[in-house]
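With this note's numbering, the residue at position 110 of the sequence shown is 397, and numbering never jumps.
Here's the structure we're looking at; comments come further down.
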Amino acid sequence: MPTYSNEAKNDSSREAKLAEYEKVKKNLKELIAKKRAMDKSLNTLEEQLYKLEGAYLEDTPSGNVVRGFENYVKGSQTKKRIGLSEQDRVFSMSSAVFLKAKMKEEDEKNQ
């Protein structure tokens, strides 16, 4: 003969597990939303760094922290623009995420 108290316990246990599942699911959705917001913020900061770094390298052809200050020390006053290479971008190229995004952009441009 089945006991009804065991069925009631099973139902309450199932409801508790379902409630816990919903709680964890909600928390996961919130964390995913936070991650997306942080990724977007990181991307914005990396783009800003890329632009500012490029401006710095272009504005300092006679000497900067990447190429050195030899021309500056020698007193060379030439304002000749030296070609900006991607390898000069020490700060921008230090981010693996940014490199992936740049490679993806280049692939899309080439297609």
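For every residue, glycine included, the Cβ atom is placed at its ideal position computed from N, Cα and C.
> Cα separation between E302 and K312?
Replying inline: So the alpha carbons of these two residues sit roughly 15 angstroms apart.
> In terms of alpha-carbon separation, which member of L318, P348 and T331 lies closest to V384?
Replying inline: T331
> Does the Cβ of E345 have 16 or more other Cβ atoms within 10 Å, making it buried, or fewer, making it exposed?
Replying inline: exposed
>> Three or more C-beta pairs under 8 angstroms: does that hold for the stretch 332-340 against the stretch 373-390?
In response: yes
> Looking at the C-beta of K389, does it have a partner C-beta in chain B at a distance below 8 angstroms?
Replying inline: Note that chain B does not occur in the displayed structure, where there is just one protein chain.
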